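Here's the structure we're looking at; comments come further down.
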Amino acid sequence: MFRTKKELKEKILARLSAEFPLTAAELELTSTPDQKLGDLALSIAFPLAKKLKTSPRTIAARAAELLSGIEGLSRVEVAGAGYINLYLDRERFFRKKLAGANRTGLEPEEKKIIVEHTNINPNKAAHVGHLRNACLGDTLVRCLRYRGEQVEVQNYIDDTGVQVVDVVFGLMELEKKSLADLDRIEGKFDYYCWDLYTRVSRYLAENQEAQARKAAILKKIEHGESPEADYAHLVSRRILRAHLATMKRLDIGYDVLPCESSILRLKFWEKAFARLRESGAIYLSSEGENAGCWVMKLEDEPEREKIIVRSDGTVTYVGKDIAYQMWKFGLLGQDFYYEPFLQDNGRPVWISSATPTAYDVHFGAGSKVYNVIDVRQSYLQKVVVQGLKSLGYLEQAEKSIHFSYEMVALSPGSLAEIKVDLSEEDRDKAFLEVSGRKGVGIKADDLLDRLEEKALAEVNKRNPDLPEASRREIARQIASSAVRYFMLKYARNSLIVFDFDEALNFEGETGPYLQYTAVRLRSIFRKFQERFGISSQEFLGRVDPETIRLSGLPEEEARDFWDLVVYACGLDEEVLRAIATLEFAGLAKFTFNLCQKFNSYYHHYPVLAEKDPTLQTLRLLTIHFIHEILCQALDLMGIRVPDKM
Numbered sequence: 001m002f003r004t005k006k007e008l009k010e011k012i013l014a015r016l017s018a019e020f021p022l023t024a025a026e027l028e029l030t031s032t033p034d035q036k037l038g039d040l041a042l043s044i045a046f047p048l049a050k051k052l053k054t055s056p057r058t059i060a061a062r063a064a065e066l067l068s069g070i071e072g073l074s075r076v077e078v079a080g081a082g083y084i085n086l087y088l089d090r091e092r093f094f095r096k097k098l099a100g101a102n103r104t105g106l107e108p109e110e111k112k113i114i115v116e117h118t119n120i121n122p123n124k125a126a127h128v129g130h131l132r133n134a135c136l137g138d139t140l141v142r143c144l145r146y147r148g149e150q151v152e153v154q155n156y157i158d159d160t161g162v163q164v165v166d167v168v169f170g171l172m173e174l175e176k177k178s179l180a181d182l183d184r185i186e187g188k189f190d191y192y193c194w195d196l197y198t199r200v201s202r203y204l205a206e207n208q209e210a211q212a213r214k215a216a217i218l219k220k221i222e223h224g225e226s227p228e229a230d231y232a233h234l235v236s237r238r239i240l241r242a243h244l245a246t247m248k249r250l251d252i253g254y255d256v257l258p259c260e261s262s263i264l265r266l267k268f269w270e271k272a273f274a275r276l277r278e279s280g281a282i283y284l285s286s287e288g289e290n291a292g293c294w295v296m297k298l299e300d301e302p303e304r305e306k307i308i309v310r311s312d313g314t315v316t317y318v319g320k321d322i323a324y325q326m327w328k329f330g331l332l333g334q335d336f337y338y339e340p341f342l343q344d345n346g347r348p349v350w351i352s353s354a355t356p357t358a359y360d361v362h363f364g365a366g367s368k369v370y371n372v373i374d375v376r377q378s379y380l381q382k383v384v385v386q387g388l389k390s391l392g393y394l395e396q397a398e399k400s401i402h403f404s405y406e407m408v409a410l411s412p413g414s415l416a417e418i419k420v421d422l423s424e425e426d427r428d429k430a431f432l433e434v435s436g437r438k439g440v441g442i443k444a445d446d447l448l449d450r451l452e453e454k455a456l457a458e459v460n461k462r463n464p465d466l467p468e469a470s471r472r473e474i475a476r477q478i479a480s481s482a483v484r485y486f487m488l489k490y491a492r493n494s495l496i497v498f499d500f501d502e503a504l505n506f507e508g509e510t511g512p513y514l515q516y517t518a519v520r521l522r523s524i525f526r527k528f529q530e531r532f533g534i535s536s537q538e539f540l541g542r543v544d545p546e547t548i549r550l551s552g553l554p555e556e557e558a559r560d561f562w563d564l565v566v567y568a569c570g571l572d573e574e575v576l577r578a579i580a581t582l583e584f585a586g587l588a589k590f591t592f593n594l595c596q597k598f599n600s601y602y603h604h605y606p607v608l609a610e611k612d613p614t615l616q617t618l619r620l621l622t623i624h625f626i627h628e629i630l631c632q633a634l635d636l637m638g639i640r641v642p643d644k645m
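The numbering of the sequence shown is our numbering, which starts it at 1 and goes up by one.
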């Protein structure tokens, strides 16, 4: 529909602009509330009436005359006080859509877009809250690429941060493990570190004198000193592999993994610091609690100082984030070195290095940057943007987008589902917030394992004759869709409470329901081939689009057919709306509604049992078209269609 509206606007403007003072920006085509009122409407007569001192009805009548016979429209009518209703040439519209259902006609808006998402501290296993970040970020990437954008996907690895330091402290001070001992730790290393991180948090809270030792470890890691830095490197890389494997279960991938250790070793921060200091964006505080710190004042909070560099010389997160954001836009005049970290479907996923490598690859230098970080980081993201503004990079500051979202909480039932021990107090709560430091939460792999287990039980009941490998792959795809759809169907600034039963339901507004509809569509095509000895694709390939006639459809079916087709054609506009608002709940709802509309259509107008060959062909064309649109929508949300369910 986006392409149709664009073409119509150009033709309408060409017809009307010679007689009316009208610009493209003023010409908006909107949907009508009822098919009887046409497919699209123009309300230009009302603003023009004010300009021309004429009644809207008179202007609308003249505009309708000028638009008569325009290609793509069957008729134009004036309604009410001056509305112009446009009726599409339905046969022409449907033929064009059949010829190009998978071509959007959307155009890129940027030279290169960088999307940074996931960003899990590499000190413990990923939990369910991290999945919302990754699902939102990956869906944004898919939508941007659908629009035709060149997108680079980054996953920032904070391999020298305090969370990694906590685990290193635990390994060295509490566990007394050598580097060689780490390779001998059995089981899932990220799970082991999850428990250790919780122990360390309690220990440090109860033994304040240990904070000095932790601070010493932090400084050594930041300066790359052994053996502390070696522990941090080994821990972060091993856990990073576990995180990437977890995300792979949801079909989420990355192009490059920039590491904080590389930022420190290559002195990105020193370059950014020098520029910030020279510009006056930061200054050395000489009094009060921030004495000896380099600080920045915020535009909207001039009385408040934000520490960029602590008095002991260590850089805060936001300081390093400013340097990182400058690199993303290519403003540092320097790049990382890179080396392959692992292979993902035959292509390398690159990781940054502070020392030269044999690989001539480059990343960064985007024209627009999305940082997918939860809403709690809003203040720090404002500081990063102000840092760019202070250096005169106003365009880059404008195109630094904080894609914020609320947290994921857990229902007591979800925690009980994977046998997490709860206190009496926690059992009475409506939900529990995730806290890795306290060890409260569902590990992402535990969540996916349990979902796959429950999905497999259902698949086994429905398809007992399938090979076990096939049943397990179907269960994996169902579990993945359950998580991804659940994370997308709520507004991003809504706290969501994850619930197993709600997410995995094969009916209702869930990922499995969407998959079921797509599988149902494909079963129609399979049964068609079994019955008629020819694939539906081959059969329809012999149909001349010019022979398609809608006039023979019964009135009720014509209405339902048109409602289904026009709704499906709204995918492009839904994608553009999602990108503009960073809200994917609308895309999720669109796909769910499309499935409902198709299921209703197919219930009333069967294909295989239809005796009239003309009607059967038209219905088959229709569901092929809907199948293609549905698969596009599912792919945008990262949902795969199983062979069976």
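Just so it is clear, CB atoms sit at the ideal spot from N, CA and C, and this is done for glycine as well. For clarity, every value in this text was computed on a predicted model and none was experimentally measured.
- [ ] Spatial neighbours of Y516 within its chain, please: CB distance less than 7 Å, with the 5 preceding and 5 following residues excluded, ordered by chain position.
- [x] Here residue 516 is taken as the residue at index 516 of the sequence shown, counted from 1. If we look at Y516 and ignore the five residues flanking it on each side, its Cβ neighbours are F506, M645.
TODO: Check the C-beta distance from F336 over to P258 and give it rounded, since I have them as a contact under 8 Å.
DONE: As a working mapping, residue 336 is identified with position 336 in the sequence shown. As a working mapping, residue 258 is identified with position 258 in the sequence shown. Rounded, the Cβ-Cβ distance is 6 Å, consistent with contact.
Open item on the list: Between the alpha carbons of G161 and L264, how many angstroms are there, rounded?
Closed with: Translated into positions along the sequence shown, residue 161 becomes position 161. Translated into positions along the sequence shown, residue 264 becomes position 264. Roughly 11 Å separates the two Cα atoms.
Open item on the list: Does F598 come out as helix, strand or coil in the three-state DSSP assignment?
Closed with: Reading the sequence shown from its first residue, position 598 is the one you call residue 598. If DSSP states are grouped into helix, strand and coil, F598 belongs with the helices.
Open item on the list: How far does the beta strand (DSSP E) with A134 in it extend, from its first residue to its last?
Closed with: Stepping through the sequence shown from its first residue, residue 134 is reached at position 134. Here A134 belongs to no beta strand (DSSP E); instead the alpha helix (DSSP H) covers 128 to 146.
TODO: Just the C-alpha distance for S390 and E19, rounded to the nearest angstrom, thanks.
DONE: Residue numbering aside, residue 390 sits at position 390 when the sequence shown is read from its first letter. Residue numbering aside, residue 19 sits at position 19 when the sequence shown is read from its first letter. When rounded, the distance between both Cα atoms is 49 Å.
- [ ] Check whether the segment 113 to 122 touches the segment 363 to 374, counting contact only when three or more Cβ pairs, one atom from each stretch, lie closer than 8 Å.
- [x] A contact exists between the segment 113 to 122 and the segment 363 to 374.
Open item on the list: Considering just the uninterrupted stretch of the alpha helix (DSSP H) at K176, what are its terminal residues?
Closed with: Within the sequence shown, numbered from 1, the residue matching residue 176 stands at position 176. For K176, there is no enclosing alpha helix (DSSP H), as DSSP marks it with neither H nor E.
TODO: Assess, as a yes-or-no matter, whether the segment 295 to 305 is touched by the segment 203 to 215 under the definition of 3 or more beta carbon pairs within less than 8 Å.
DONE: The segment 203 to 215 vs the segment 295 to 305: no contact.
Open item on the list: By alpha-carbon positions, which one of I308, I185, N155, G280 ends up nearest to Y254?
Closed with: Taking the first residue of the sequence shown as position 1, residue 254 is located at position 254. Minimum Cα distance to Y254 is reached at N155.
Task: Residue(s) in a DSSP beta bridge with S352 - done: As a position in the sequence shown, residue 352 is number 352, starting the count at 1. For S352, the beta-bridge partners assigned by DSSP are Y338.
- [ ] Step through the CB atoms of chain B and report whether any lies within less than 8 Å of the CB of E468.
- [x] In the displayed structure, chain B is absent; only one protein chain is listed.
Task: C-alpha distance - Y231 paired with L179, whole-angstrom precision - done: By 1-based counting over the sequence shown, the position of residue 231 is 231. By 1-based counting over the sequence shown, the position of residue 179 is 179. Spanning the two alpha carbons is a distance of roughly 7 Å.
Open item on the list: One question on the structure: do N85 and G148 come within less than 8 Å of each other, judged by their Cβ atoms?
Closed with: In the sequence shown, residue 85 corresponds to position 85, counting from 1. In the sequence shown, residue 148 corresponds to position 148, counting from 1. No, Cβ-Cβ distance for N85 and G148 is not below 8 Å.
- [ ] Inspect the beta-carbon positions of R549 and Q35 and report whether they are closer than 8 Å.
- [x] Taking the first residue of the sequence shown as position 1, residue 549 is located at position 549. Taking the first residue of the sequence shown as position 1, residue 35 is located at position 35. No, the Cβ-Cβ distance between R549 and Q35 is not below 8 Å.
TODO: Assign P711 to buried or exposed, taking buried as 16 or more other Cβ atoms, counted over all protein chains shown, within 10 Å of its Cβ.
DONE: Because the chain in this structure spans residues 1 to 645, residue 711 falls outside the shown range and cannot be described.
Task: Rounded separation between L136 and F584 - CA only - done: Walking along the sequence shown from the start, residue 136 turns up at place 136. Walking along the sequence shown from the start, residue 584 turns up at place 584. Just so you know, the alpha carbons of L136 and F584 end up roughly 8 Å apart.
Task: Residues that DSSP places opposite K443 in a beta bridge - done: Position 443 of the sequence shown, counted from the first residue, corresponds to residue 443. According to DSSP, which records beta bridges pairwise, K443 is partnered with H127.
TODO: Pull up the CB-CB distance for W327 and G364, whole angstroms please, since I reckon it's below 8 Å.
DONE: In the sequence shown, counting from the first residue as 1, residue 327 sits at position 327. In the sequence shown, counting from the first residue as 1, residue 364 sits at position 364. At roughly 5 Å, the Cβ-Cβ gap stays under 8 Å, so W327 and G364 are in contact.
TODO: Work out the CA separation of I496 and E406 for me, nearest whole Å.
DONE: Walking along the sequence shown from the start, residue 406 turns up at place 406. Walking along the sequence shown from the start, residue 496 turns up at place 496. Their Cα atoms are separated by approximately 8 Å.
Open item on the list: Considering only their Cβ atoms, is the gap separating D181 from A125 smaller than 8 Å?
Closed with: For the purposes of this step, residue 125 is taken as the residue at position 125 of the sequence shown. For the purposes of this step, residue 181 is taken as the residue at position 181 of the sequence shown. In this structure, D181 does not lie closer than 8 Å to A125 by Cβ.
Task: 6 Å CB neighbourhood of K399 in its chain, flanking five on each side removed - done: Reading the sequence shown from its first residue, position 399 is the one you call residue 399. Within the same chain, K399 has close Cβ partners K368.
Task: Counted within 10 angstroms of its Cβ, other Cβ atoms place H627 as buried (16 or more) or exposed - done: Taking the first residue of the sequence shown as position 1, residue 627 is located at position 627. Classification for H627: buried.
TODO: Quick one: grab the DSSP three-state call for M407.
DONE: Residue 407 sits at position 407 when you count from the first residue of the sequence shown. For M407, the secondary structure class from DSSP, reduced to helix, strand or coil, is coil.
Open item on the list: Going by C-alpha to C-alpha distance, which of L410, D251, L621, L618 sits closest to E502?
Closed with: Within the sequence shown, residue 502 is the residue found at index 502, counting from 1. Of the listed residues, the one whose Cα sits closest to E502 is L410.
Task: Residues that I401 bridges to, as DSSP identifies them - done: Locating residue 401 in the sequence shown gives position 401, counting from the first residue. In DSSP, I401 forms a bridge with Y370.
Task: G552, buried or exposed, once every other Cβ within 10 Å from all chains shown has been counted against 16 - done: Locating residue 552 in the sequence shown gives position 552, where the first residue counts as 1. In summary, G552 is exposed, with fewer than 16 beta-carbon neighbours lying within 10 Å of its beta-carbon over all protein chains present.
Task: Neighbour-count burial assignment, H603, 16 or more Cβ in a 10 Å radius - done: Locating residue 603 in the sequence shown gives position 603, counting from the first residue. So H603 counts as exposed.
Open item on the list: Could you tell me the alpha carbon to alpha carbon distance between P545 and A64, rounded to whole angstroms?
Closed with: By one-based count along the sequence shown, residue 545 stands at place 545. By one-based count along the sequence shown, residue 64 stands at place 64. Computed Cα separation, rounded: 30 Å.
TODO: Apply the 10 Å Cβ neighbour rule to L174 and answer buried if 16 or more other Cβ atoms are within range, or exposed otherwise.
DONE: As a working mapping, residue 174 is identified with position 174 in the sequence shown. When all chains shown are included, L174 counts as exposed.
Open item on the list: Just list the residues that DSSP pairs E7 with in beta bridges.
Closed with: To locate residue 7, count along the sequence shown from 1; it is residue 7. E7 pairs with nothing; no bridge assigned.
- [ ] Flag this pair as touching only if the segment 522 to 530 and the segment 591 to 610 have three or more C-beta atom pairs under 8 Å; answer yes or no.
- [x] The segment 522 to 530, when compared against the segment 591 to 610, does touch it at the 8 Å Cβ threshold.
Task: Contacting residues, own chain, Cβ-Cβ under 8 Å from N599 (five flanking each side not counted) - done: For the purposes of this step, residue 599 is taken as the residue at position 599 of the sequence shown. Excluding sequence positions up to five before and after N599, its CB lies within less than 8 Å of the CB of T517, R520, all in the same chain and listed in chain order.
Open item on the list: What does the alpha-carbon distance come out to for the pair L514 and E209?
Closed with: Counting from 1 along the sequence shown, the entry for residue 514 is found at position 514. Counting from 1 along the sequence shown, the entry for residue 209 is found at position 209. The alpha-carbon atoms of L514 and E209 are separated by roughly 55 Å.
Task: P348 versus L66 - alpha carbon distance - done: Within the sequence shown, residue 348 is the residue found at index 348, counting from 1. Within the sequence shown, residue 66 is the residue found at index 66, counting from 1. Cα to Cα, the separation comes out at about 57 Å.
Task: Reference A215, options L144, N593, G313, C631, closest by Cα - done: By one-based count along the sequence shown, residue 215 stands at place 215. Measuring from the Cα of A215, the nearest candidate turns out to be G313.
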